[in-house]
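Asker: So that we are looking at the same thing, I have put the structure below in structure tokens.
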Ligand SMILES: [Zn+2]
């Protein structure tokens with residue numbers, strides 16, 4: 091979870107996105123029973139087999155940071171999100187359940203990443219200005235004043251189809267000659283397309299933020 095450009099790891103097959111939004115989850119963490127997935131994402135064992143013992147046992151909460159605004163026009167902040175863990179009693183995998191929109195191994199969730207990509211591509215903002223909108227840290231080193239390396243890392247990861255979650259629809263590796271802004275525009279469009287049709291009157295920033303919040307691994 092360090093925002094580096096690692097390829098998707100095996101552990102990402104252990105991730106399940108709950109239909110609960112980040113906002114609702116932050117207000118109240120679903121109980122062990124509420125968040126328990128229907129089956130193990132690794133071996134497909136049923137979690138509540140009829141007449142049998144539970145297949146996925148609660149394995150506690152795990153704290154992780156989420157950075158960025160909680161609303162499209164909000165100030166960036168850092169919050170602690172407590173995700174639920176389970177252990178599969180058949181394959182013994184540790185399964186993590188998190189709200190939809192949370193990106194495994196990244197400090198920023200998809201709504202914030204989507205907002206940043208819109209500001210960078212459609213609005214043509216310099217990376218340092220994008221940073222101002224989405225990064226909660228105000229004190230930056232001299233080099234970070236000129237560019238924001240996290241945003242550029244996201245674009246490079248997206249170019250390889252490795253920014254969000256495995257199987258996220260519509261985000262394919264980009265042609266080698268795509269600029270980072272073109273890559274950003276493509277991923278932003280994919281996230282905007284997740285926003286409900288009724289939001290089409292709203293700004294791309296708003297639709298990207300909302301669409302990002304609905305991102306789930308396939
Ligand atoms: Zn299993």
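Residue numbers (the working numbering): 91 to 308. For each residue, glycine too, the CB sits at the ideal point set by N, CA and C.
DSSP three-state label for residue 130, please.
Answerer: Coil.
Asker: What residue does the beta strand (DSSP E) around residue 186 start on, and which one ends it?
Answerer: It spans 184-189 - the beta strand (DSSP E) in which residue 186 sits, taken as one unbroken run.
Asker: So for residue 245, helix, strand or coil by DSSP?
Answerer: Residue 245: helix per DSSP, three-state reduction.
Asker: Can you tell me where the alpha helix (DSSP H) holding residue 153 begins and where it ends?
Answerer: Element bounds for residue 153: not the alpha helix (DSSP H) but the beta strand (DSSP E), 146-158.
Asker: Per the contact definition of three or more C-beta pairs closer than 8 Å, is the stretch 175-192 in contact with the stretch 107-115?
Answerer: With the cut-off at 8 Å, the stretch 107-115 and the stretch 175-192 touch.
Asker: Determine the burial state of residue 297: buried for a count of at least 16 other Cβ atoms within 10 Å of its Cβ, exposed for fewer.
Answerer: With 16 or more other Cβ atoms within 10 Å, it is buried.
Asker: Note down, in chain order, each residue of its chain lying with its Cβ closer than 8 Å to the Cβ of residue 171, except the 5 sequence neighbours on either side.
Answerer: Within the same chain, residue 171 has close Cβ partners 112, 115, 116, 153, 154, 155, 156, 188, 189 and 192.
Asker: Do residue 167 and residue 147 have their beta-carbon atoms positioned less than 7 Å apart in this structure?
Answerer: Going by C-beta atoms, residue 147 is not nearer than 7 Å to residue 167.
Asker: I believe residue 247 touches residue 180 by the beta-carbon criterion, under 8 Å. Please report the beta-carbon distance rounded to the nearest angstrom.
Answerer: The Cβ separation is near 33 Å, so there is no contact.
Asker: Beta carbon of residue 139, beta carbon of residue 208: below 7 Å?
Answerer: Not closer than 7 Å, so no.
Asker: My guess is that residue 174 and residue 122 are in contact by the Cβ rule of under 8 Å, so how many angstroms apart are they, rounded?
Answerer: Between residue 122 and residue 174 the Cβ distance is about 7 Å, and since that is below 8 Å, they are a contact.
Asker: Comparing the CB of residue 135 with every heavy atom of ligand 1, is any distance shorter than 6 Å?
Answerer: Result yes, Cβ under 6 Å from ligand 1.
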